[in-house]
Amino acid sequence: APGMVFWHNDGWSIYTELESFVRKKLREYGYDEVKGPLMMDRSLWEKSGHWDKYAENMFTTESEKREYAVKPMNCPGHVQIFNQGLKSYRDLPLRMAEFGCCHRNEPSGALHGLMRVRGFTQDDAHIFCTEEQILEEVSGCIKMVYETYAAFGFENIKVKLSTRPEKRVGADEIWDKSEAALADALKANDIEFDYQPGEGAFYGPKIEFTLHDCLDRAWQCGTVQLDFSMPGRLGSTYVAEDGERKVPVMIHRAILGSLERFIGILTEEFAGFYPLWLAPQQVMVMNITDKQADYAANCVKKLQESGFRAKSDLRNEKIGFKIREHTLKRVPYMLVVGDKEMEAGEVAVRSRRGDDLGKMRLEDFIAMAQQEVMEKTIK
63 APGMVFWHND GWSIYTELES FVRKKLREYG YDEVKGPLMM DRSLWEKSGH WDKYAENMFT
123 TESEKREYAV KPMNCPGHVQ IFNQGLKSYR DLPLRMAEFG CCHRNEPSGA LHGLMRVRGF
183 TQDDAHIFCT EEQILEEVSG CIKMVYETYA AFGFENIKVK LSTRPEKRVG ADEIWDKSEA
243 ALADALKAND IEFDYQPGEG AFYGPKIEFT LHDCLDRAWQ CGTVQLDFSM PGRLGSTYVA
303 EDGERKVPVM IHRAILGSLE RFIGILTEEF AGFYPLWLAP QQVMVMNITD KQADYAANCV
363 KKLQESGFRA KSDLRNEKIG FKIREHTLKR VPYMLVVGDK EMEAGEVAVR SRRGDDLGKM
423 RLEDFIAMAQ QEVMEKTIK
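Just so you know, the sequence shown maps onto residues 63 to 441 in our numbering.
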């Protein structure tokens, strides 16, 4: 499956933690979470403009003489959800988010690990709003981007405003208005940016947030796009304050971009030293002799009951060998238990950085580690 990811347990653990982190942010910022189908009828893609402007990147199939496309993006599906039922200006802004599984037929030569794939999950969202709400909503998206990146220690963020491409939909005056609105939002938030002429999506201009990893490679992750075109093409309206039907403005936004790419960036950035909350294996409990095997197993049980991803290493190996092995595996904390620790109801705590944190009661270690998880500490 070229460009498709087979997730093993450790990788999937990182994926689900990342998803939970983003989901919490979505609740903070007032988003509804939705889920759309993986495939949709050709007629929808024709109306949205994708069939004309993006067909070479789409996987297609046929059933009962109807042609379908596997979605390369989530926006037309979200418009379909918006169109269910009558909407009023009082319902706006309506913020709709999805962990959307998308597929794009990228050239095989462009595929690159987790960084460039064909099947990926976007932390995607669309905001339906009035023109008067654009500045506030785009500003909210920008704030969310910077808050999220800061949690992972990313501070070197380059911002670009990509303008109308040659292949596009919509009149020039709409593009003028869209590009000006995004530029105004960036200026209002005191963000320096460069223009990227011709690099916008076919349906609207976009703000691009680019991260630089530890090797100073640039990776485009977050985007905020303004779309005056697609809602009208797909028949979206709301009842305005004066009773007239109006077409909403649509803001497309993603923070991480794709979860796959972001996990790739984090893996390179942290060199396997994931923060405790994100680490696939958080705690390893090791006995010195077989006498402590039951005590070690009981410690693991208590750690797991406290929400930690914990395991024991009860092999008949020297303790130095076991410590070295799990240090190389970047396990954040190693708890060593011998006769003295077992008798005192304690554990000897070591970090993957080689720090000896001394002996402590298991309950005290759990409290310390829970605080580290809660604060999303990077170390």
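Note that the Cβ used here is the ideal one computed from N, Cα and C, for glycine as well.
Collapsing the DSSP output to three states places residue 406 in a helix. Spanning the alpha carbons of residue 193 and residue 339 requires a straight line of approximately 40 angstroms. Secondary structure at residue 383: helix, using DSSP grouped into helix, strand and coil. Per DSSP, residue 298 is not a residue of any beta strand (DSSP E), being assigned neither H nor E.
Here the alpha carbons of residue 71 and residue 242 stand approximately 46 angstroms from one another. Ranked by Cα distance from residue 221, the first of 247, 240 and 116 is 247. Non-local C-beta neighbours of residue 87 in its own chain, meaning closer than 7 angstroms and more than five positions away in sequence, comprise 206 and 210, ordered along the chain. Taking the CA atoms as reference points, residue 332 sits about 44 angstroms from residue 295. One Cα belongs to residue 189, the other to residue 305, and the distance between them is close to 22 angstroms. Of the residues assessed, residue 214 falls on the buried side of the cut-off, its CB having 16 or more other CB atoms within 10 angstroms. Contact between the segment 339–354 and the segment 384–395 is present: three or more C-beta pairs spanning the two stretches fall below 8 angstroms. Burial is judged here by how many other beta carbons sit within 10 angstroms of a residue's own beta carbon; residue 123 has fewer than 16 and is exposed. Counting the other Cβ atoms within 10 Å of the Cβ of residue 175 gives fewer than 16, which makes it exposed.
Nearest Cα to residue 404 within the set 245, 77, 357 and 435: 357. Assignment of beta strand (DSSP E) within the segment 127–181, counting only whole runs of 3 or more residues, yields 128–132 and 156–165 in chain order.
Scanning its chain for C-beta atoms nearer than 8 angstroms, with the 5 sequence neighbours on each side dropped, one finds around residue 378 the residues 352, in chain order. Taking a cut-off of 8 angstroms for Cβ pairs, the segment 132–141 and the segment 99–117 touch, as three or more such pairs fall below it. Judged by beta-carbon spacing, residue 147 lies beyond the 7 angstroms limit of residue 165, meaning their Cβ atoms are not closer than that value. Residue 257 is bridged by DSSP to 223. Minimum Cα-Cα distance from residue 274 among the listed residues 268, 267, 386 and 283 corresponds to 283. In the three-state DSSP reduction, residue 395 falls in the strand class (E or B).
When secondary structure is reduced to three states using DSSP, residue 194 falls in the helix class. The beta carbon of residue 259 sits closer than 6 angstroms to the beta carbons of 225 from its chain, once the five residues preceding and following it are set aside; these are given in chain order. Taking C-beta atoms as the reference points, residue 252 and residue 266 fail to come closer than 7 angstroms. Of 277, 423, 416 and 401, the smallest CA-CA separation from residue 409 is found for 423. Inclusion of residue 414 and residue 439 in the CB contact set at 7 angstroms is not warranted, their separation being larger than that value. In this structure, residue 75 and residue 371 form a Cβ contact; the two beta carbons are roughly 7 angstroms apart against a cut-off of 8 angstroms.
About 5 angstroms separates the beta carbons of residue 195 and residue 155, which is inside the 8 angstroms limit, making them a contact pair. Going by DSSP, residue 287 is part of the beta strand (DSSP E) stretching over 280–289. Here residue 271 carries a strand assignment [DSSP, helix/strand/coil]. Annotation: residue 361 to residue 391 spans about 21 angstroms, alpha carbon to alpha carbon. By the Cβ neighbour-count rule, residue 386 is exposed, with fewer than 16 other Cβ atoms within 10 Å of its own. Note on geometry: alpha-carbon atoms of residue 255 and residue 317 lie some 17 angstroms from one another. In chain order, 88, 93, 95 and 187 place their CB closer than 6 angstroms to the CB of residue 159, counting only its own chain and leaving out the 5 sequence neighbours on each side. DSSP places residue 318 inside the beta strand (DSSP E), whose first and last residues are 311–320. In the DSSP secondary-structure assignment, residue 373 is bridged to 346.
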